[in-house]
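I have placed the structure first, in the form of C-alpha cells, so that the comments after it can refer back to it.
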Amino acid sequence: MAINAQDDGEEVKSETFLIGATQNIFVSSNNIYVTYTDYWVYPLMERSNETSDWETENTIIHKISISDGTIEYKSKGEVPGHVLNQFSMDEYQGYFRIATTTGWMGQN
36 MAINAQDDGE EVKSETFLIG ATQNIFVSSN NIYVTYTDYW VYPLMERSNE
86 TSDWETENTI IHKISISDGT IEYKSKGEVP GHVLNQFSMD EYQGYFRIAT
136 TTGWMGQN
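Residues in the sequence shown are numbered from 36 upward in steps of one, following my numbering.
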C-alpha cells in the first residue's frame, strides 16, 4: 500500500501479490524482498551407502518495487542455501546482497 503522507486527498495505491510462504522480509528505501526456503528431498536408493547431497535447500527471493509512490512486482530469483534471518540481507548501490548457509544443526 502506498500513501502520500503530504496529500491526504490523493488516492491510496495498493497491490496484492500471492507469492506463497514467507520466512524473511527485507525492506530498503526502494524495494521489498520476500524470501522463503524451498526444501527438496531426493528419495534414497535402497542400496545407497552414500551420505552425499540427497537433500537440497534453496532460497526463493521475490522483489517488489516501492519507488516513486508505485508498487510493482519486479522479479523472482533463487540462490543455494537458506537465510539465517533478515539481518543476512541488504541492498547496496542498487544490488541486493544475501548471505545463505547450507546444512543442518547437528549434522556431521
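Virtual Cβ for every residue (Gly too), placed ideally from N, Cα, C.
Asked: Reference G112; option with closest CA among S102, L119, K98 and D42; Found: K98
Asked: Contact set for F52: own chain, Cβ-Cβ below 8 Å, skip 5 residues either direction; Found: H97, I99 and Y108
Asked: Among V47, E46 and F61, the one whose alpha carbon lies nearest that of Q121; Found: F61
Asked: Backbone secondary structure at D42 - three-state DSSP; Found: coil
Asked: For E113, the residue or residues it bridges with in DSSP; Found: I95
Asked: Backbone secondary structure at S123 - three-state DSSP; Found: helix
Asked: Run of the beta strand (DSSP E) containing I106, from where it starts to where it stops; Found: Careful: I106 lies outside any beta strand (DSSP E) and carries neither H nor E.
Asked: Simplified DSSP assignment, three categories, for N66; Found: strand
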